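Numbering-wise, the sequence shown is residues 0 to 569 according to numbering that gives the first Met the number 0. All residues carry an ideal CB built from backbone N, CA and C; glycine is no exception. Computed from a predicted model, the values in this text were never measured in an experiment.
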Amino acid sequence: MFSVSADVEDRGSSCRIRVGFNTVLNAKKEARRLNHDILRTFSTDGVHTFGDRMATIGIDLGTTYSAAAICRHVGDVRVIPNIEGQDITPSVVFFPETDSGDEEPLVGMMAKNSAASAPQCVVRSIKRMMGDKDFCYYSPNGHELRPEVISAFILKHIKKYVEVDLGEAVTDAVITVPAYFDDVRRTATKQAGRIAGLNVLQVFNEPTAVALAYGIGLQDVGRILVYDLGGGTFDVTLMHVHDGEFDVIATDGDPELGGDDFDREITRLVVADLARQGYVVDEDNEDILCAEIEEKAEILKRGLSNVPQSTAMFTIDGKNYRVRITREQFEQATHSLLERTRERTEILLESQHLNWADIDRLLMAGGSTRMPMVRQMLQQISGKSIGNEVNQDTAVSMGAAIYAKYLETENGRNTDERSPASVREEAPSIRISDVTSQSLGIVAKNPKTGEPENSIIIQRNTHIPAKYSDTYCTTIDNQRSINIQVTEGNDPELEYVRIVGEKTLPIPPHPKHSPIKVTIAYDIDQTVYVEVTDLVTDGALGTFEIDRADNLSEPEVQSLQKSVEGVAID
Ligand code: AMP
Numbered sequence: 000m001f002s003v004s005a006d007v008e009d010r011g012s013s014c015r016i017r018v019g020f021n022t023v024l025n026a027k028k029e030a031r032r033l034n035h036d037i038l039r040t041f042s043t044d045g046v047h048t049f050g051d052r053m054a055t056i057g058i059d060l061g062t063t064y065s066a067a068a069i070c071r072h073v074g075d076v077r078v079i080p081n082i083e084g085q086d087i088t089p090s091v092v093f094f095p096e097t098d099s100g101d102e103e104p105l106v107g108m109m110a111k112n113s114a115a116s117a118p119q120c121v122v123r124s125i126k127r128m129m130g131d132k133d134f135c136y137y138s139p140n141g142h143e144l145r146p147e148v149i150s151a152f153i154l155k156h157i158k159k160y161v162e163v164d165l166g167e168a169v170t171d172a173v174i175t176v177p178a179y180f181d182d183v184r185r186t187a188t189k190q191a192g193r194i195a196g197l198n199v200l201q202v203f204n205e206p207t208a209v210a211l212a213y214g215i216g217l218q219d220v221g222r223i224l225v226y227d228l229g230g231g232t233f234d235v236t237l238m239h240v241h242d243g244e245f246d247v248i249a250t251d252g253d254p255e256l257g258g259d260d261f262d263r264e265i266t267r268l269v270v271a272d273l274a275r276q277g278y279v280v281d282e283d284n285e286d287i288l289c290a291e292i293e294e295k296a297e298i299l300k301r302g303l304s305n306v307p308q309s310t311a312m313f314t315i316d317g318k319n320y321r322v323r324i325t326r327e328q329f330e331q332a333t334h335s336l337l338e339r340t341r342e343r344t345e346i347l348l349e350s351q352h353l354n355w356a357d358i359d360r361l362l363m364a365g366g367s368t369r370m371p372m373v374r375q376m377l378q379q380i381s382g383k384s385i386g387n388e389v390n391q392d393t394a395v396s397m398g399a400a401i402y403a404k405y406l407e408t409e410n411g412r413n414t415d416e417r418s419p420a421s422v423r424e425e426a427p428s429i430r431i432s433d434v435t436s437q438s439l440g441i442v443a444k445n446p447k448t449g450e451p452e453n454s455i456i457i458q459r460n461t462h463i464p465a466k467y468s469d470t471y472c473t474t475i476d477n478q479r480s481i482n483i484q485v486t487e488g489n490d491p492e493l494e495y496v497r498i499v500g501e502k503t504l505p506i507p508p509h510p511k512h513s514p515i516k517v518t519i520a521y522d523i524d525q526t527v528y529v530e531v532t533d534l535v536t537d538g539a540l541g542t543f544e545i546d547r548a549d550n551l552s553e554p555e556v557q558s559l560q561k562s563v564e565g566v567a568i569d
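Here it is, written out as structure tokens:
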């Protein structure tokens, strides 16, 4: 398959070799209102005693809202209400300045409501920064907080209110991630769970969770398409669901597209309307006003899902401004965002050589699918009518809870008080097969152009677990080492892919153009292993797990776990 071009870059004493290639890269809701007992329990950190009972839950750690659910057995999946009795909790953290300098974060609605008065103390949409090692939030108490830690605060808050509701300690969880999350973001999510004191059984794809919530117990569902537009991400997934078997066929999406982007557009409309009325917002110096506009813009957006025009009031410098935005204005301003989701959906279908007639069910998930234009667009391109098969807010957490129950039973652990035998009988009987959302490969030099490129070894949308190899070669006589840089991403250009691991391996001296086999294995929770073989001697040169340089190290996770354990979170 490969013809080889030799190339060596001599970097001082270490010889860095790029190997060449020439190949076809080719619930029911049981809302419990807050009562004083719960409040007392909740606000007294660290005094919970739950006896021996331990619960395993599913958590939808969303960009803008999060939710948790528990599955006791099939037919008994319950979304757990937060302390305000709501199924969903804003993924917003407020960091008040404290006398002691210790962090005492507030999570949820209270934090969201504080955003307008103290925007610099509030962190929202942290999911978008997961896996970004360069991002840190500088808290008013002088701490540098990574996205994993801020997410851990949200998860700890969820763990706490679930424990209050269940009267049981929450130990294990399945946490969902967008299907399109790469390895670094998945690992960061798992680490956030661990920092929050949870044993993360698995990170689980959101669209698969939606399909599970919908399809569990149904005999013959067929081919489904899950269109999931949440607060920060867009995923579209094709699955085949039949009698407890959930086969992901392919997935696509945009991790940078969600309700937040629609908020930005409506915010612009509000700012423009204020300017038309004579007030020009100084975005660099009017933090508090900007936060108020953003908050009201999101409310306006929600309103426009139900009525053709919605209104917000602003009092600035003692003067009242009435801002009216019409649905038509909003839809025009956000047309290109919606188009991006349409394009990705159609590309996904085309990539599988399918058309809309091949799709039996279309499921919409994610709060942003409440915007009427989403349904209209999907109905128009698919020619299908779309019902409300799943609850946009809670389907992901419910699917995660079902999967958590399944894993718990598979692992031989039973947190249910009933006999293990009866629980096993009632445990979800499911089989899930998933695909890779990102291609994996190595950096190699294109023999035609001489330029280093992303040489894909495992194409995306390959069923996992997967193990694939390709053959490369040495580029000089008596080459003494090879440097393997593992890439994650679908683009041939390195600029658009992430280097997720790198290792330099010694090799025995051979003539140039000696073949080297690189094998990449992707396991079920998308952990990646690399194996390098010298094909001249058939000897193993080394095996390594990708180093995840963008993730926290194990000692860092353990140290953060200890620090967060002591943090009182409300
Ligand atoms: P999720 O990540 O699934 O919780 O979705 C949250 C996103 O859904 C946020 O951007 C919300 O603003 C958006 N959203 C929730 N309800 C509505 C609604 N009624 N109309 C428009 N967008 C909504």
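Segment limits, alpha helix (DSSP H) that includes residue i
{"i": "GLY196", "result": "From DSSP, GLY196 is part of no alpha helix (DSSP H); its letter is neither H nor E."}
{"i": "TYR405", "result": "394-409"}
{"i": "TYR521", "result": "No alpha helix (DSSP H) holds TYR521; the beta strand (DSSP E) holding it covers 514-521."}
{"i": "ALA271", "result": "258-275"}
{"i": "TYR213", "result": "205-214"}
{"i": "ILE82", "result": "Per DSSP, ILE82 belongs to no alpha helix (DSSP H) and is neither H nor E."}
Straight-line Cα distance separating residue j from residue i
{"i": "ILE58", "j": "VAL176", "result": "10 Å"}
{"i": "ALA539", "j": "GLU530", "result": "8 Å"}
{"i": "GLY317", "j": "TRP355", "result": "55 Å"}
{"i": "ILE248", "j": "TYR495", "result": "24 Å"}
{"i": "TYR137", "j": "VAL169", "result": "30 Å"}
{"i": "ALA151", "j": "ALA115", "result": "23 Å"}
{"i": "LEU38", "j": "ASP569", "result": "Bear in mind that a pLDDT of 30 at LEU38, under 50, signals an unreliable position, so the number given afterwards is only what the model happens to contain. Distance between the alpha carbons of LEU38 and ASP569: 10 Å."}
{"i": "GLN560", "j": "THR97", "result": "21 Å"}
{"i": "ASP246", "j": "HIS462", "result": "9 Å"}
{"i": "ILE519", "j": "ALA191", "result": "26 Å"}
{"i": "THR526", "j": "ARG185", "result": "9 Å"}
{"i": "THR368", "j": "LEU288", "result": "28 Å"}
{"i": "GLN328", "j": "GLU291", "result": "21 Å"}
{"i": "GLN331", "j": "ALA66", "result": "32 Å"}
{"i": "THR22", "j": "PRO514", "result": "Annotation note: pLDDT 21 at THR22 (below 50); position unreliable, coordinate value reported separately. If I take the Cα positions, the gap works out to 15 Å."}
{"i": "ALA26", "j": "ARG77", "result": "Its pLDDT being 27, under 50, ALA26 is placed unreliably by the model, and nothing is read from it."}
{"i": "GLU147", "j": "GLY252", "result": "23 Å"}
{"i": "THR55", "j": "PHE543", "result": "32 Å"}
{"i": "ASN550", "j": "LYS300", "result": "35 Å"}
{"i": "SER295", "j": "ALA208", "result": "The sequence given here has Lys at residue 295, not Ser. Whole-angstrom Cα-Cα distance: 31 Å."}
{"i": "LEU337", "j": "ASN482", "result": "42 Å"}
{"i": "TYR213", "j": "LEU273", "result": "44 Å"}
{"i": "ASN570", "j": "MET363", "result": "Past the boundaries of the shown model lies residue 570; the chain is included only from 0 to 569, so the question cannot be answered."}
{"i": "ARG123", "j": "GLU492", "result": "32 Å"}
{"i": "THR470", "j": "CYS135", "result": "40 Å"}
{"i": "VAL91", "j": "THR63", "result": "7 Å"}
{"i": "GLU167", "j": "TYR160", "result": "11 Å"}
{"i": "TYR278", "j": "PRO104", "result": "35 Å"}
{"i": "LYS158", "j": "PRO80", "result": "12 Å"}
Proximity test, residue i beta-carbon vs ligand 3 heavy atom, cut-off 6 Å
{"i": "TYR213", "result": "By its list of ligands, the structure shown excludes ligand 3, since it contains just ligand 1."}
Cross-strand partners of residue i (DSSP beta bridge)
{"i": "GLU487", "result": "LEU439, ARG497"}
{"i": "CYS70", "result": "VAL76"}
{"i": "ASP59", "result": "ALA66"}
{"i": "TYR226", "result": "VAL235, MET363"}
{"i": "MET312", "result": "ARG321"}
{"i": "MET53", "result": "ALA168"}
{"i": "TYR136", "result": "LEU144"}
Proximity winner among the options, relative to residue i (alpha-carbon distances)
{"i": "ALA68", "options": "GLY166, MET397, GLN391", "result": "MET397"}
{"i": "ILE149", "options": "ILE292, GLU167, ARG193, SER309", "result": "ARG193"}
{"i": "VAL434", "options": "GLN375, PRO464, LEU406", "result": "PRO464"}
{"i": "ARG459", "options": "GLN478, LEU439, GLY141, LYS444", "result": "LEU439"}
{"i": "PHE203", "options": "GLY141, ILE498, ARG71, ALA400", "result": "ALA400"}
{"i": "THR393", "options": "PRO307, GLY365, ALA296, LYS516", "result": "GLY365"}
{"i": "GLN437", "options": "LYS132, ASP476, THR232, TYR521", "result": "TYR521"}
{"i": "GLU297", "options": "VAL280, GLU282, VAL269", "result": "VAL269"}
{"i": "ASN390", "options": "ARG52, VAL92, LEU211, LEU197", "result": "LEU211"}
{"i": "LYS649", "options": "LEU493, ILE523, HIS512, SER480", "result": "Absent from the structure is residue 649, since the part of the chain shown begins at 0 and ends at 569."}
{"i": "VAL173", "options": "LEU237, MET108, ASP227, CYS70", "result": "CYS70"}
{"i": "GLU205", "options": "ARG52, GLY61, SER562", "result": "GLY61"}
{"i": "MET109", "options": "CYS120, SER99, ASP101, GLY100", "result": "CYS120"}
{"i": "VAL225", "options": "LEU217, MET238, THR232", "result": "MET238"}
{"i": "VAL517", "options": "SER432, THR486, LYS404", "result": "THR486"}
Span of the beta strand (DSSP E) around residue i
{"i": "PRO451", "result": "451-457"}
{"i": "LEU540", "result": "538-544"}
{"i": "PHE152", "result": "Not the beta strand (DSSP E): PHE152 falls in the alpha helix (DSSP H), residues 146-165."}
{"i": "ASP283", "result": "From DSSP, ASP283 is part of no beta strand (DSSP E); its letter is neither H nor E."}
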